[in-house]
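Notes follow the structure.
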Amino acid sequence: MSDDETVQPVSLPIDPENLPEFPGKLPRELSMELCDRLQAIAEEISPYLGPEHRAIKALNDASHELMTVVPFRPRYAEYTSDD
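So in numbering that gives the first Met the number 0, the last one in the sequence shown is 82, and the numbering has no gaps at all.
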């Protein structure tokens, strides 16, 4: 799968005798939505557990992992000469 293809989920239910190939990536919009939800949970429980609690770290780590499975979209800086 190239990085510019649309990511499609596997259809459910999954046949255990004929396992599908999972795309291994998430659409950018879904990943961002999930990260926002994880951040909201972390903010909600932080006053109870403290910002250094391992549950907060786990939510932040999960958010980071979700962003790493988004197809890479290169962005190039614009070059301007010094002339």
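Every residue, glycine too, gets a C-beta built ideally from N, C-alpha and C.
Comparing the CB of Pro26 with every heavy atom of the ligand PLP, is any distance shorter than 8 Å?
This structure does not include the ligand PLP; it has no bound ligands of any sort.
Which value, in whole angstroms, describes the spacing of the CA atoms of Ile55 and Pro12?
Near 33 Å, if we compare the C-alpha coordinates of Pro12 and Ile55.
Hey, would you say Val6 sits closer than 9 Å to Lys24, going by beta carbons?
Yes; because the gap between Cβ atoms is below 9 Å, this pair is in contact.
Where do the ends of the alpha helix (DSSP H) carrying Pro46 lie?
Residues 27 to 48.
Since Lys56 is in the alpha helix (DSSP H), which residue starts that stretch and which ends it?
Segment 53 to 67, the alpha helix (DSSP H) holding Lys56.
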